[in-house]
Amino acid sequence: MGLRNKDLISIHDLTVGEVATILDVAKKLKRKQKRGEPHRYLEGKTLAMIFSKASTRTRVSFETGFYQLGGHPIYLNDSASQIGRGEPVRDTARVLSRFVDGIMIRTFSHDSVIELAKYATVPVINGLTDLLHPCQALTDMFTIMEHKEVLKGRKLVYVGDGNNMAHSLMYACAKVGMNMVCASPKGYQPDPEIVKNAQEDAAHTGCTIEVDEDLFRAAKGADVLYTDVWASMGQEAEQSIRQEALGDYQINKELLSVARPDAMVLHCLPAHRGEEITEEVLEGPQSKVFDQAENRLHVQKAIMALLMTDDII
Ligand code: CP
Ligand code: NVA
């Protein structure tokens with residue numbers, strides 16, 4: 124499949140086949156890593172990783188993953204680079220492209236990532252923006268596949284804020300043919316344009332993407348219950364107002380009881396126990412959140428290898 128030299132900014136930009144290829148290569152790379160087999164497909168390459176927001180999983184999984192692929196990752200943040208002093212994105216893109224083989228960026232504005240990709244001559248990977256978190260959602264599809272084998276026809280119910288995570292899950296579910304309901308209150312529902320795009324993709328893969336205010340109706344028969352924080356990075360000042368508005372949108376024992384008995388619970392992490400998810404469910408047997416976190420490593424290694432070399436299994 125032709126992912127070489129492309130960017131990974133939104134799952135909506137990928138074809139159904141490209142998503143399948145990423146999941147397939149991730150599976151192979153995970154197996155190789157577990158068996159200790161060499162997979163240094165990016166030997167001698169460098170990756171610039173720009174972080175304008177905090178991160179634990181994304182930073183460590185990209186950095187470790189690129190290293191395991193034989194390359195050298197370079198961490199940049201606002202305060203330790205000229206980015207925080209206002210160097211234009213288009214200049215940063217052109218300068219970094221003269222040094223490195225790929226750029227991963229986590230920032231606020233989605234448009235900045237689009238601009239970075241426009242001016243960069245190397246692949247750009249979106250490590251989260253206010254609008255989307257594609258690497259996480261692709262990882263989530265991989266994790267569901269590991270536990271449920273088949274994605275097509277399953278039902279994922281996202282609970283809470285219609286944020287970057289909800290958006291990327293809609294795009295991902297639409298590509299793999301998984302039905303999704305986003306259960307969110309008015310005022311916190313996902314961007315209608317993203318819902319529309321996802322529904323158009325879903326029409327091709329034969330699944331449905333819906334938004335429902337009624338949490339318990341939405342969660343009925345779910346194969347996967349998924350949630351994320353009520354206040355994302357950059358929304359800290361809105362914490363109390365969001366807590367008020369989203370307070371009922373929690374994954375707890377009662378909600379889990381209306382899902383399928385074998386439903387799995389996912390959360391991109393970090394989690395706020397007692398807010399969007401109870402401690403009991405997060406730590407319970409149906410929670411697969413740490414498998415999910417680990418899989419960031421394997422799926423992102425697949426993404427980087429596919430974008431940055433032809434020499435891949
Ligand atoms: N899920 C996720 O992206 O986590 P970090 O913010 O720790 O990178
Ligand atoms: N919606 C969260 C996801 C964190 C991984 C945020 O943007 O802060």
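Per this note's numbering, the sequence shown runs over residues 124 to 436. Yeah, the Cβ is synthetic: ideal placement off N, Cα and C, and Gly gets one too.
The ligand CP heavy atoms versus the CB of residue i: any closer than 8 Å?
{"i": "Thr-181", "result": "yes"}
{"i": "Ala-295", "result": "no"}
{"i": "His-290", "result": "no"}
{"i": "Arg-98", "result": "Within the shown structure, residues of the chain are numbered from 124 to 436, placing residue 98 beyond reach of any answer."}
{"i": "Ser-175", "result": "no"}
{"i": "Pro-441", "result": "Look at the range of the chain in this structure, 124 to 436, and you will see that residue 441 is not part of it."}
{"i": "Pro-246", "result": "no"}
{"i": "Leu-251", "result": "yes"}
{"i": "Cys-305", "result": "no"}
{"i": "Cys-330", "result": "no"}
{"i": "Pro-393", "result": "yes"}
{"i": "Arg-277", "result": "no"}
{"i": "Gln-259", "result": "yes"}
{"i": "His-421", "result": "no"}
{"i": "His-162", "result": "no"}
{"i": "Arg-221", "result": "no"}
{"i": "Arg-229", "result": "yes"}
{"i": "Ser-178", "result": "yes"}
Classify residue i: buried if its beta carbon has 16 or more other beta carbons within 10 angstroms, exposed otherwise.
{"i": "His-327", "result": "exposed"}
{"i": "Asn-287", "result": "buried"}
{"i": "Asn-418", "result": "buried"}
{"i": "Val-299", "result": "buried"}
{"i": "Glu-361", "result": "exposed"}
{"i": "Arg-396", "result": "exposed"}
{"i": "Val-388", "result": "buried"}
{"i": "Lys-263", "result": "The residue asked about is misnamed: residue 263 is Asp in this sequence, not Lys. Buried, by the Cβ-count rule."}
{"i": "Asn-302", "result": "buried"}
{"i": "Ser-232", "result": "exposed"}
{"i": "Asn-128", "result": "exposed"}
{"i": "Glu-406", "result": "exposed"}
{"i": "Asp-415", "result": "A small correction: the amino acid at residue 415 is Gln; Asp does not occupy that position in the sequence shown. Its Cβ being crowded by 16 or more others within 10 Å, Gln-415 is buried."}
{"i": "Phe-265", "result": "buried"}
{"i": "Ile-364", "result": "exposed"}
{"i": "Ala-203", "result": "exposed"}
{"i": "Arg-180", "result": "buried"}
{"i": "Phe-222", "result": "exposed"}
{"i": "Gly-209", "result": "exposed"}
{"i": "Gly-188", "result": "buried"}
{"i": "Lys-309", "result": "exposed"}
{"i": "Phe-111", "result": "Here the chain comprises residues numbered 124 to 436, so residue 111 is not present and cannot be evaluated."}
{"i": "Val-212", "result": "buried"}
{"i": "Arg-277", "result": "buried"}
{"i": "Val-304", "result": "buried"}
{"i": "Glu-398", "result": "buried"}
{"i": "Val-183", "result": "exposed"}
{"i": "Lys-424", "result": "buried"}
Confirm the yes/no value for this check: CB of residue i, any heavy atom of the ligand NVA, distance under 8 Å.
{"i": "Gln-156", "result": "no"}
{"i": "Asn-68", "result": "With the chain running from 124 to 436 in the structure shown, residue 68 is simply not present."}
{"i": "His-327", "result": "no"}
{"i": "Met-356", "result": "yes"}
{"i": "Val-318", "result": "no"}
{"i": "His-233", "result": "no"}
{"i": "Pro-352", "result": "Here residue 352 is Val; the residue named in the question, Pro, does not match the sequence. Checking every heavy atom of the ligand NVA against the Cβ of Val-352, one is found closer than 8 Å."}
{"i": "Asp-442", "result": "As shown, the chain starts at 124 and ends at 436. That puts residue 442 outside it, with no answer to give."}
{"i": "His-256", "result": "yes"}
{"i": "Asn-302", "result": "no"}
{"i": "Asn-287", "result": "yes"}
Nearer than 8 Å: is that true of the beta carbon of residue i relative to any heavy atom of the ligand SAM?
{"i": "Asp-263", "result": "What this structure holds is the ligand CP and the ligand NVA, not the ligand SAM."}
Using a Cβ distance threshold of 8 Å, determine whether the region 271-288 contacts the region 333-352, with at least three qualifying pairs required.
yes
Going along the chain, which unbroken runs of the alpha helix (DSSP H) with 4 or more residues stay wholly within the region 197-250?
Qualifying alpha helix (DSSP H) stretches, in chain order: 212-222, 233-242.
Could I get the ranges of all uninterrupted beta strand (DSSP E) runs contained in the region 130-200, with 3 residues as the minimum, in chain order?
169-174, 195-200
Does the region 216-236 come close enough to the region 377-394 to have 3 or more Cβ pairs within less than 8 Å?
no
Quick one: any contact between the region 398-412 and the region 175-186, if contact means 3 or more CB pairs under 8 Å?
no
So does the region 189-197 actually touch the region 125-135, counting three or more Cβ pairs closer than 8 Å?
no
Can you find at least 3 beta carbon pairs, one from the region 197-216 and one from the region 241-251, that sit closer than 8 Å?
Yes, the region 197-216 touches the region 241-251.
Which whole runs of the beta strand (DSSP E) in the region 292-344 are 3 residues long or more, in chain order?
Segments of the beta strand (DSSP E) lying fully in the region 292-344: 302-306, 332-335.
Can we say the region 310-321 touches the region 267-277, given the rule of at least three CB pairs closer than 8 Å?
no
Which runs of the beta strand (DSSP E) spanning at least 3 residues fall entirely within the region 253-280, listed in chain order?
none
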